[in-house]
Structure formats: structure tokens, C-alpha cells
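Data block below; observations after.
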Amino acid sequence: MHDLAPLCALGDSNPRTDSVAGVALTENPGHAFASIAARLGQETACAAQLATLLGGAAPNVGAMVSTNTYMAFWIGPDQWMISAPFDTHEDLAAQLKARFGKSASITDQTDAWVCFHMQGDGVERVMQLCANIDIEQMQVGAATRSVIHYMGVYVIRTAPDALTILGGRSSAGSLHHALLTAMRAAL
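Going by the numbering used here, the sequence shown opens with residue 6, and the numbers climb by one from there.
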């Protein structure tokens with residue numbers, strides 16, 4: 006029998022945290038992710054299901070909605086990424102498929118993404134160095150797609166001094182290096 010152990014995206018059994026001048030960069034493996042895409046002719050029904058799940062309207066362009074359990078952000082016309090705690094929603098895609106039925110196509114995204122949380126006074130200076138985002142204008146609850154060192158990412162403003170950065174899991178090490186290098190240069 007195999008004796009497999011889960012690893013974080015950066016290759017360790019524990020999430021990595023790095024700190025530079027009061028800004029912490031933490032690998033966060035505790036999320037399950039799924040994408041939701043409304044099927045043709047089912048856009049209204051899909052958005053209504055998502056609104057019911059989130060307890061309010063589905064996020065619009067450039068926006069994120071967060072509840073006690075779920076976080077969702079807009080990724081394209083009638084498309085959203087949703088996350089929930091992995092411990093209680095390991096089967097998030099299956100749960101959403103049962104809820105949305107034929108109104109949406111649901112795809113499990115958990116193993117496709119690495120999630121970094123950056124927090125501290127100075128996150129804006131860091132992002133100014135590594136992403137083409139008007140970070141000063143990004144309010145809490147905003148989400149945008151950008152590029153960091155040629156890697157596609159989503160950047161979500163979760164607090165005045167905190168960002169969540171989602172990038173491809175296959176380039177987790179490169180993304181971590183780019184963020185950490187920008188932290189060291191900016192702070």
C-alpha cells in the first residue's frame with residue numbers, strides 16, 4: 006500500500022511564511038476552489054443560484070464577495086471562481102454541481118492554483134513593483150486579473166493591508182520567488 010502524504014504547493018508538508026519589514030507572505034493551502042460558468046440560456050438561473058449561495062448578488066466585474074464560508078470573484082462574463090475551506094469542502098465542485106444542476110458547468114480548480122496571502126503595511130509598494138495594477142485605487146472587495154513575472158494571477162484585496170494572490174500551482178515556486186524578491190526590494 007502507498008504511504009502518500011499531502012504537500013503544499015511549495016513542496017513542504019507545512020505552509021511557508023516569509024516576513025520582510027513587517028509584511029508577511031504566507032502560502033495558504035486551506036482553500037478548495039471551483040469555477041462556475043453559466044450555461045447558454047441559463048445565465049439568470051445560474052446567477053440566482055450563486056446569489057442564494059452567497060446571500061446577495063453575484064460579484065460583478067472586478068469584484069469579490071465573501072461570506073463566513075464562501076469567497077467568490079468574477080472571472081469573466083457569467084463566470085466566477087469560488088472558494089471555501091478545504092477541511093469542510095474538499096468536494097466543493099460536487100457540492101456546487103448538485104446545487105446548480107444544469108444551470109452551470111462546474112469545474113474543480115483546487116489543485117490548479119496556489120494561494121498566497123500577503124499582509125502588512127507596505128503591500129501596495131510590493132505590488133507596484135511586480136504587477137500592472139492601480140493598487141492604490143483597489144478597494145477592499147476588489148479582484149483583478151494581472152501578470153506577475155509573465156505568470157497569470159488574480160489579485161484580491163481582502164483588507165486595507167492585505168491581498169490574496171492566486172497563481173498557477175505549477176509555477177508556485179516562481180511566483181513565490183517573484184513576490185519575495187519584490188518584498189525585499191520595496192520594503
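For each residue, glycine too, the CB sits at the ideal point set by N, CA and C.
In angstroms, rounded to a whole number, what distance separates the CA positions of residue i and residue j?
{"i": "M69", "j": "W79", "result": "7 Å"}
{"i": "G146", "j": "T169", "result": "11 Å"}
{"i": "Q124", "j": "R130", "result": "12 Å"}
{"i": "R174", "j": "W118", "result": "4 Å"}
{"i": "S24", "j": "C135", "result": "17 Å"}
{"i": "F121", "j": "K102", "result": "27 Å"}
{"i": "I138", "j": "I153", "result": "10 Å"}
{"i": "A183", "j": "A167", "result": "17 Å"}
{"i": "P20", "j": "T115", "result": "16 Å"}
{"i": "A10", "j": "L97", "result": "21 Å"}
{"i": "M143", "j": "A43", "result": "27 Å"}
{"i": "L12", "j": "A99", "result": "23 Å"}
{"i": "R162", "j": "S71", "result": "11 Å"}
{"i": "A77", "j": "T186", "result": "29 Å"}
{"i": "P34", "j": "Q47", "result": "32 Å"}
{"i": "S151", "j": "V160", "result": "7 Å"}
{"i": "H36", "j": "W85", "result": "15 Å"}
{"i": "E95", "j": "I41", "result": "16 Å"}
Spatial neighbours of residue i within its chain, please: CB distance less than 6 Å, with the 5 preceding and 5 following residues excluded, ordered by chain position.
{"i": "A26", "result": "L192"}
{"i": "G172", "result": "V119, M156, V158 and L180"}
{"i": "N73", "result": "none"}
{"i": "T31", "result": "T22 and H122"}
{"i": "A56", "result": "A62 and A63"}
Where does residue i land, buried or exposed, given buried means 16+ other C-beta within 10 angstroms?
{"i": "D83", "result": "buried"}
{"i": "H7", "result": "exposed"}
{"i": "E141", "result": "exposed"}
{"i": "P64", "result": "buried"}
{"i": "A190", "result": "exposed"}
{"i": "L45", "result": "exposed"}
{"i": "T149", "result": "buried"}
{"i": "V66", "result": "exposed"}
{"i": "A164", "result": "exposed"}
Using C-beta distances below 8 Å, list every residue in its chain close to residue i, excluding the 5 sequence neighbours before and after it, in chain order.
{"i": "R104", "result": "Q54 and L58"}
{"i": "V28", "result": "M123, Q124, G125, D126, G127, V128, V131, M188 and L192"}
{"i": "Y75", "result": "L58, L59, I87, S88 and A89"}
{"i": "Q133", "result": "I140 and A191"}
What does a CB cutoff of less than 7 Å around residue i pick up in its chain, not counting 5 residues either side in sequence?
{"i": "G61", "result": "V70"}
{"i": "A39", "result": "I87, L97, A98, L101, I111, T112, D113 and Q114"}
{"i": "A177", "result": "A14, L15 and V119"}
Per the DSSP calculation, residue i is bridged to which residue(s)?
{"i": "V119", "result": "G172"}
{"i": "F78", "result": "M69 and M86"}
Would you call the segment 11-24 and the segment 89-100 touching, i.e. three or more CB-CB distances under 8 Å? no
Quick check: the segment 47-59 against the segment 102-116, are at least 3 beta-carbon pairs closer than 8 Å? yes
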